[in-house]
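*Asks:* So the sequence shown is residues 0 to 74, counted in numbering that gives the first Met the number 0. The beta-carbon is built from N, C-alpha and C at its ideal position, and this holds for glycine as well. Small disclaimer: the values here were computed from a predicted structure and weren't measured.
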Amino acid sequence: MNEQDEMPINVLEEKLAELRKRIMTLEWDKSHNQLNSSMEAKYLQIKIEFEALQKKVDGLKAEAKEKETAAAPAA
Numbered sequence: 000m001n002e003q004d005e006m007p008i009n010v011l012e013e014k015l016a017e018l019r020k021r022i023m024t025l026e027w028d029k030s031h032n033q034l035n036s037s038m039e040a041k042y043l044q045i046k047i048e049f050e051a052l053q054k055k056v057d058g059l060k061a062e063a064k065e066k067e068t069a070a071a072p073a074a
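#1: With distances taken between CB atoms, is the gap from Q53 to L15 smaller than 8 Å?
#2: When the Cα atoms are used, what is the spatial distance from A70 to E50?
#3: Do the segment 30-38 and the segment 53-62 make contact, defined as three or more Cβ pairs closer than 8 Å?
#4: So what's N9 in DSSP terms, helix, strand or just coil?
#5: In angstroms, rounded to a whole number, what distance separates the CA positions of P7 and E13?
#6: Tell whether a beta-carbon distance below 8 Å holds between L18 and V56.
#7: Would you check whether the ligand PLP has a heavy atom nearer than 7 Å to the C-beta of N9?
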């Protein structure tokens, strides 16, 4: 189990926001031919990390919603 497995959703969402900002900056650099070759690998690594973390957050949110729905009394 890694440290991200134990983080609350809001902390994971903050990390996602940070990664999103970095990706946007690197994508701007790439679109303006200012992304050097050493940063290309870092850019891909950040995108992979972002996508994995996004899937985790989406899964945790779905799980929380299921628990909330199951706990709600039937009308």
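*Replies:* Reading it off the structure:
#1: As a working note, residue 53 is residue 54 in the sequence shown. As a working note, residue 15 is residue 16 in the sequence shown. In this structure, Q53 sits near L15, with a CB-CB distance shorter than 8 Å.
#2: If you number the sequence shown from 1, residue 70 lands on position 71. If you number the sequence shown from 1, residue 50 lands on position 51. Near 30 Å, if we compare the C-alpha coordinates of E50 and A70.
#3: Cβ pair count under 8 Å is below three, so no.
#4: If you number the sequence shown from 1, residue 9 lands on position 10. In the structure shown, the three-state DSSP call for N9 is helix.
#5: The residue you call residue 7 lines up with position 8 of the sequence shown. The residue you call residue 13 lines up with position 14 of the sequence shown. The straight-line gap separating the alpha-carbon atoms of P7 and E13 is approximately 10 Å.
#6: Reading the sequence shown from its first residue, position 19 is the one you call residue 18. Reading the sequence shown from its first residue, position 57 is the one you call residue 56. Cβ distance not < 8 Å, so L18 and V56 don't count as in contact.
#7: Among the components modelled here there is no ligand, and therefore nothing to report on the ligand PLP.
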